[in-house]
Amino acid sequence: MKRLGGEIEISGMKNSALPIVYSTLLINGKCTVDNIPFVNDVMLSLQILKHLGAKVDIINSSCVEIDTTDISLCEPPMELVRQMRASYYLMGAQLGRFGTAHVCYPGGDDFGMRPIDQHIKGFESLGAKVNVSGGYIDIEAPNGLSGANVFFDVVSVGATVNVILAAVKTEGVTIIESAAREPHIVDLANFLNTCGAQISGAGTDTIKITGVKELHGSNYTIVPDMIEAGTYMVAAAVAGGRVKINNIIPKHLESISAKLLEMNVTVEEMDDYVIVSREGELSSCNIKTLPYPGFPTDMQPQFAAALCYANGVSHISEGVWDNRFRYIDELRCMGANIDVSGRNATIKGRPLSLTGAAVRAIDIRAGAAMIIAALGASGRTEIAGVEVIERGYVDIVGKLSAVGADVFKLGE
Ligand code: EPU
């Protein structure tokens with residue numbers, strides 16, 4: 014096993030960039046979005062915007078200018094929409110801009126059931142009529158939308174975003190109860206507020222939106238990606254050594270840092286960077302994933318990979334998705350001893366260790382978990398589906414090899 018050493022720069026948050034990109038559909042004018050991660054899902058979203066008539070100029074490796082002044086209401090191409098889940102932000106964005114939306118059902122990672130009932134409930138609370146048939150979602154507001162109280166039955170990032178998008182230019186006051194509190198919700202609200210929106214309470218479970226007539230262009234910088242940072246923190250924990258992870262917001266990483274400390278990893282937090290190092294052996298721990306500020310489900314596979322190398326038995330309970338353990342079979346190919354029962358996994362770690370194997374990246378975070386597993390394994394691991402990992406990570410191969418990991422893309 015090769016120990017890691019050096020520094021990694023964290024990119025902007027994918028799950029902020031996606032709603033922010035779609036929200037520009039509501040704006041009359043040009044927006045400059047900085048610290049944007051040009052991962053595959055963001056590139057696809059920009060392509061969708063271009064199809065709708067937006068002018069998209071990539072200024073440099075982390076900055077884009079988007080002008081949606083001349084967009085028209087037309088159907089976005091199904092082959093693009095079907096490649097990711099975030100394309101469902103088109104529903105809220107088109108509804109907010111045109112008072113109507115016609116979008117095909119989104120694609121994205123398979124975590125079991127991924128219903129959109131809460132999105133629909135939110136749109137209906139604002140006065141829209143929603144019809145789902147033949148793989149399409151049709152939303153109309155024959156009498157216009159009006160501000161209302163929206164009560165979600167489940168905490169949903171996507172539904173919270175969609176209601177914000179639909180309500181931001183809707184007359185009256187909309188109050189979202191049981192809103193998601195993730196930093197990406199706060200980032201979207203901050204972006205829209207710089208464009209003239211009136212959104213308060215983002216980051217709490219009650220968000221208030223006072224509708225405004227128009228939104229104008231602005232310049233905005235996306236917050237750092239806490240899941241990308243967390244992924245490299247876990248990579249450093251497994252490989253050992255000392256890695257400085259730059260451009261982070263430590264507050265967003267609290268639940269991740271706390272778990273690593275439990276696992277006998279040293280985490281030194283500074284204002285905008287964190288240093289992760291490990292000398293002794295990893296200890297087992299128990300994890301339950303929850304909506305923010307709980308432990309993020311998007312870090313669950315990476316920690317599962319790390320816990321294969323920990324002393325003792327660890328338990329993971331998945332509290333967000335029905336079926337987020339499909340990747341466990343890939344870890345088993347490497348020799349992992351993991352039992353899964355419903356939403357619970359039991360991982361038996363050392364003295365067992367993993368060996369390299371041919372595995373697959375079955376979704377973005379599961380793919381990152383395979384890289385982490387491979388860093389600790391003896392022998393060579395080949396991971397098929399690197400393009401899946403690149404849906405969510407900017408240059409993961411380059412960033413890891415810069416700190417000494419023996420990782421490269423086959424065929425390059
Ligand atoms: N849910 C419903 N009804 C709905 C919507 C959601 O029952 O109408 C349920 C889901 O089935 C799930 C829970 O609510 O059990 C949470 O789903 P949520 O809507 O919050 O998920 P999402 O918005 O589709 C985003 C991220 C995911 C991340 C989840 C949870 C984006 C683009 N995706 O998905 O990120 O796992 O929130 O934090 O923001 C990733 O980045 O790799 C990723 C999968």
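Per our numbering: the sequence shown = residues 14 to 425.
We treat Cβ as the ideally placed atom computed from N, Cα and C, and that holds for glycine.
| Asked | Found |
| --- | --- |
| Which residues in the same chain have their Cβ closer than 7 Å to the Cβ of Asn250, if we skip the five residues on either side of it in sequence? | The question names Asn, but residue 250 is Ala in the sequence shown. Cβ neighbours of Ala250 beyond the five flanking positions: Leu273, Met276, Val278, Val289, Arg291, Leu295 and Ala319. |
| Can you tell me which residues form a DSSP beta bridge with Asp80? | Lys43 and Lys68 |
| According to DSSP, is Ser29 part of a helix, a strand, or is it coil? | helix |
| Pairing CB atoms from the segment 401–419 with CB atoms from the segment 375–387, are three or more of them under 8 Å? | yes |
| Are Val199 and Gly216 closer than 7 Å when you measure CB to CB? | yes |
| To which residues does DSSP link Glu20 through a beta bridge? | Lys257 |
| In the DSSP output, which residue or residues are listed as bridge partners for Phe308? | Thr302 |
| Is it buried or exposed for Asn48, if we count other Cβ within 10 angstroms and need 16 for buried? | buried |
| So what does Thr244 bridge to, in DSSP terms? | For Thr244, which the question treats as bridged, DSSP gives no partner whatsoever. |
| On the DSSP bridge list, what partners appear for Lys361? | Val326 and Asn350 |
| Nearer than 6 Å: is that true of the beta carbon of Ile384 relative to any heavy atom of the ligand EPU? | no |
| Excluding five sequence neighbours on each side, which residues of the same chain lie with their C-beta closer than 7 Å to the C-beta of Ala30? | Ile49, Pro50, Val55 and Ile235 |
| What three-state label does DSSP hand Arg373 in the structure shown? | strand |
| According to DSSP, which residues form a beta bridge with Val186? | Thr223 |
| For the candidate residues Val168, Leu178, Val170 and Gly147, whose alpha-carbon lies nearest to that of Gly160? | Leu178 |
| What does a CB cutoff of less than 6 Å around Gln107 pick up in its chain, not counting 5 residues either side in sequence? | Ala114 |
| Cβ atoms of Ala381 and Gln313: under 7 Å apart, would you say? | no |
| At what residue ranges does the segment 95–183 contain a whole run of the beta strand (DSSP E), taking only runs of 3 or more? | 113–117, 142–146, 149–153 and 162–164 |
| Residues bridged to Thr234 by DSSP? | Asp47 |
| Quick one: what does DSSP say Thr37 is sitting in, helix, strand or coil? | helix |
| In chain order, what residues of the same chain lie with their CB nearer than 6 Å to the CB of Asp80, ignoring the 5 residues before and after it? | Lys43 and Lys68 |
| Would Leu39 and Gly135 qualify as a contact pair, given that the criterion is a beta-carbon distance under 7 Å? | no |
| Hey, Gly362 and Asn324 are a contact pair by Cβ (cut 8 Å); roughly how many whole angstroms apart? | 6 Å |
| Does the ligand EPU have even one heavy atom less than 6 Å from the beta-carbon of Thr219? | no |
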